[in-house]
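>
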Amino acid sequence: MKKTLSLLGCVAGASLLLSQAALAQDCDTITLGSAISLTGKYATNGVHAKNGYEFAIQKIKDNGGVKVGDKCYNFEVIYYDDESKGDRGATLAERLIDQDKVQYMLGPYSSGMTKAIAPVTEKYQIPMVEAEGASRSLFNKGYKYLFAVLSTSEQYLASAVTLAAEKAQEAGKDTSSVKVAVAVENDPFSLDIRAGVLDDAAKYNMEIVIDEQLPRDLSDMSAILTKVKLLKPDLLIVSGHSKGAATAVRQIGEQKISTPMIAITHCEAADVTGNFGAAANDFLCSTQWAETLTYEDPIFGTAANYEKEFKAAYPEYAEKKVPYQTAQASAAVYVYKDSFERAGTLDKEAVRDAIAATDLQTFYGGIKFSEAGNNIAKPMVLRQIQNGEYNVVAPSAFASHPLNYPRTPQ
Amino acid sequence: MKKSIFYALLLAITLVAPFVFPDFRTQLATLWLMIVVAMTWDMTGGQMGYNSLGNIFFYGTGMYVAALISIGLVHDVGFYNNAARSELMTFTDAQYFTGAIVGIIGAGLFCAITAVVIGYLTFGLRGPYFAIGTLGVAIAAGELVANWDWVGGGQGIALPVYPGNLDVGKLFFYFLFAGTGVALFIFLKWLYTTRFGAAINAIRDDEEKAEAMGIHTLRYKLTTWAMAAFFVGVVGGISAFQLIHFEPLETAYQTINLGIFMVVCVLLGGKGTLWGPIIGAILFHVIKEVTWNYLLGWQWVALGALIVITVVYFQDGVMGWLMHKKPEWFGIRVERKEAPQ
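See the structure below:
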């Protein structure tokens, strides 16, 4: 049957492509497992991550699969819905390992969920390459089987503090005159962002005028914004995943907050430009990855190419930015491919060691793990939404556009 | 005689189950957790007529107390829970096990004492007011802990991973849960036959009359709740070590999950009976695992439907239904002729 297919392919003049497809079908399967948030408060990003996994798996398949020794394999993932709840995620991770006999795990979405699942994979000595857990608290536990392709969260908005300091100095003012307001979700990721911002603000002797937590359901921060109006900070930091980002952009617009610099996380994942239009203008957004950066690899091509092909494969993203949550999920699958090939075996321990030795250039940026398992080869960048476009403004090595300062409230 | 064979058989099943189904050890352990929280809920809810929605408070508090004791015996707690620390903090095997055992027992005792304090404040409330009052305590506790940096705040606490062989570890937790469950069952089986059992039933049936008969109701209520809290605290403590990482709002003080599930288990199995909560917990756990596996996306709808059906059609639960259909099984003699209507 496959031969006939190839023959037909020759006749059709597309022999190369089709025989590749036929080859891909002959590959065996390596099963990965992932408990991911398909419902609950992290569902938006859970789906972004899942799409990233699936896209990478398809891409790798199209490129001849994973070559381990002289055999080839394709990835397949067993998913469960962790409902954005830690204990559920931990139970499901056990089920994946115990009942579904999964030997390699992909991460869940969010630092909190990763914190719940990492002890389980560690306990079973199952490697987990995760792409969505950035909190530093994941990497001080001595875990040997946890690897993260992304930069840790204290770096997310630290460059916004530096920008605010630069602007103060340009205006001839001392950095200690800068007032900072911080409003974050009470979860491991956002608390780590807060810690990073407070550390950096302390370096410049900035004054923290507001340091508050977003309410549990993240749907209303008007009380905090009323305070912002009164205390007039120079920099407002908000972090609360996609829901927090959407709430911040909507209510900052509604309450006509005129803070000159506002930095938030998860702009792309919440599609703030598509959902709130001009209200999102001049917001600073931290990102792990941008499609304009000059990274590339043989499977996905350049960062820009990744975005283009991903949009083609998932038309629901056509009108918005491909969020970095998707790109890093794909990068995690790519790390597995690379590690399996270097290990040359499916032996779990050998694969774990190969992952630890990863030194890879990808469309997502460099990937090299520290002893603790976090990626130390990739910087964070800060983009500003300028007339609906995301333009890189910091750090200066990557900046493509100057910063709009002060922002123009809509 | 027949009965002792029945109990011996059950005990045998308990002992061999994790070996017959090695892949389901964690789920079996969770089943025991459900049985314990359902039985303890029934102590006040079923036997004493005080429907608490806040028993999850003791579960969460048990988790935290056990974890804090085990950390505190070895390290500086505030430093250990500081998310930004870069130093590795380890436990030796001996430290782990001492911490776990002392922590779990400490959790039970602490919860028993807190139950007396909270009970003193809330047992003046009756019916729905008591339910809401206790729910409020659990929610408030979750929020307070989530904002307390010394215990990790919203980050939660990550305990060390079980040292040594993994399979032994799973058996360790299974038998901790199962042991607590069996101990609780034996304790309640005895307790419900004593004067104490009769007294709390009297409180349920008519508290004023019970009071008038000279029963010091508050003392009985506090004692009952403290005993229930002890066992919930213990399983909370075990859960902390089994889950390894937990955080306050979704895991420890999970009012809308376990906090409600325990009530559903009891309603499903039959309130105010010894076996009802156990049967309810088993049914509920199996239904939950099956729907969560095969009806993904609809699992909450299925669960909601189950609750509605139970409440509307089987208000007395499985045990109540059985008692009605087969009263002779329960030693109730029915003279059928004398019941013309």
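Top line first, the protein sequences correspond to chains A and B.
So the first sequence is numbered by my numbering: it starts at 1 and just counts up by one.
So the second sequence is numbered by my numbering: it starts at 1001 and just counts up by one.
Even for Gly, the Cβ is constructed at its ideal location relative to N, Cα and C.
From a predicted model like this one, the values you see are computed outputs, not experimental measurements.
1) For chain A, find out if any of its Cβ atoms is closer than 7 angstroms to the Cβ of V1161 (chain B); answer yes or no.
2) Inspect the beta-carbon positions of K412 (chain A) and I36 (chain A) and report whether they are closer than 7 angstroms.
3) Ignoring anything shorter than 4 residues or poking outside the segment 172-205 of chain A, list the alpha helix (DSSP H) runs there in chain order.
4) Determine the contact status of Y143 (chain A) and E130 (chain A), defining contact as a CB-CB distance below 7 angstroms.
5) Rounded to the nearest angstrom, what separates A24 (chain A) and Y364 (chain A) at their Cα positions?
6) Got a sec? Which residues, its chain only, sit under 6 angstroms from A1066 (chain B) by beta carbon, not counting five neighbours each side?
7) Using alpha carbons as the reference points, say which of A:I97, A:N375, A:P409, A:A399 lies closest to L382 (chain A).
8) Between B:H1324, B:G1045, B:Y1007, B:Q1315, which lies nearest to I1200 (chain B) when the distance is taken from Cα to Cα?
9) DSSP three-state label for L284 (chain A), please.
10) Please confirm whether G86 (chain A) has its beta-carbon closer than 7 angstroms to some beta-carbon of chain B.
11) Determine the closest residue to G196 (chain A) out of A:S159, A:L163, A:E309, with distance taken between C-alpha atoms.
12) What residues from chain B crowd round Y124 (chain A), counting only those whose CB sits closer than 8 angstroms?
13) Any Cβ of chain A within less than 7 angstroms of the Cβ of G1062 (chain B)?
14) Run through DSSP, which three-state label would K1002 (chain B) get?
15) Among A:G253, A:E185, A:V228, which residue has its Cα nearest to the Cα of A280 (chain A)?
16) Could you give the first and the last residue of the continuous alpha helix (DSSP H) run that contains K71 (chain A)?
17) Tell me which same chain residues have a C-beta within less than 6 angstroms of the C-beta of G1049 (chain B), skipping the five on either side of it?
18) Are T259 (chain A) and M221 (chain A) touching if we call contact CB-CB under 7 angstroms?
19) Using a C-beta cutoff of 7 angstroms, does E1289 (chain B) count as contacting chain A?
20) Identify the continuous beta strand (DSSP E) that holds M128 (chain A) and give its terminal residues.
21) For the segment 164-194 of chain A, which residues have a CB atom closer than 7 angstroms to at least one CB atom of chain B, in sequence order?
22) For the putative contact between I1157 (chain B) and F1246 (chain B), defined by C-beta atoms under 8 angstroms, what is the C-beta separation to the nearest angstrom?
23) Would the segment 1084-1092 of chain B count as touching the segment 136-155 of chain A if we require 3 or more Cβ pairs under 8 angstroms?
24) Return the CA-CA distance between A1232 (chain B) and F1330 (chain B), expressed in angstroms with no decimal places.
25) Taking M1039 (chain B) as part of the alpha helix (DSSP H), name the residues at either end of that continuous run.
26) Could you tell me the alpha carbon to alpha carbon distance between E1328 (chain B) and G1062 (chain B), rounded to whole angstroms?
27) Output, in chain order, the set of chain A residues within a Cβ distance shorter than 7 angstroms of Q1155 (chain B).
28) Contact check, V228 (chain A) vs L236 (chain A) under 8 angstroms by CB: the rounded distance?
29) Where does D28 (chain A) sit, in a helix, a strand or coil, going by DSSP?
30) Just reading off the beta strand (DSSP E) that D211 (chain A) is part of, what are its end residues?
31) Find the residues of chain A that neighbour S1086 (chain B), judging by a C-beta separation of less than 9 angstroms, and give them in chain order.
32) The alpha helix (DSSP H) with Q255 (chain A) in it runs from where to where?
33) Rounding to the nearest angstrom, what Cα-Cα distance links T1255 (chain B) and T1273 (chain B) in this structure?
34) What residue range does the beta strand (DSSP E) around M105 (chain A) cover?
35) Using a Cβ-Cβ cutoff of 8 angstroms, what residues of the segment 47-65 of chain A are near chain B? List them in chain order.
36) Shortest alpha-carbon distance to Q361 (chain A) belongs to which of A:G301, A:Y156, A:E166, A:R88?
In brief:
1) Yes, because at least one Cβ of chain A sits closer than 7 angstroms to the Cβ of V1161 (chain B).
2) Lying before the first or after the last residue shown, residue 412 (chain A) is absent from chain A, which here runs from 1 to 410.
3) 188-203
4) no
5) With a pLDDT of 46 at A24 (chain A), under the threshold of 50, the modelled position of that residue is not reliable, and the figure given next carries that caveat. Taking the straight line from one Cα to the other gives about 25 angstroms.
6) G1103, I1104, A1107, G1237, A1240
7) Closest in C-alpha terms to L382 (chain A), from the list A:I97, A:N375, A:P409, A:A399, comes A:A399.
8) B:G1045
9) L284 (chain A): strand per DSSP, three-state reduction.
10) It does; some Cβ of chain B falls within 7 angstroms.
11) A:S159
12) What Y124 (chain A) touches in chain B: L1166.
13) no
14) helix
15) Residue A:G253 is the option with its Cα nearest to A280 (chain A).
16) Boundaries for K71 (chain A): no alpha helix (DSSP H) harbours it, while the beta strand (DSSP E) harbouring it runs 71-81, taken from the DSSP string.
17) R1204
18) no
19) No, because no Cβ of chain A sits closer than 7 angstroms to the Cβ of E1289 (chain B).
20) 128-130
21) N186, D187, P188, L191, D192
22) 6 angstroms
23) yes
24) The question names Ala, but residue 1232 (chain B) is Val in the sequence shown. Those two C-alpha atoms are separated by around 29 angstroms.
25) Start and end: 1025-1045.
26) Going by the C-alpha atoms only, they are around 41 angstroms apart.
27) S137, P188, L191
28) 6 angstroms
29) Correct three-state label for D28 (chain A): strand.
30) 207-213
31) R136, F139, N140, A372
32) Segment: none, Q255 (chain A) is in no alpha helix (DSSP H) and carries neither H nor E.
33) Cα to Cα, the separation comes out at about 24 angstroms.
34) For M105 (chain A), the enclosing beta strand (DSSP E) covers residues 104-106.
35) none
36) It is A:G301 whose Cα lies nearest to the Cα of Q361 (chain A).
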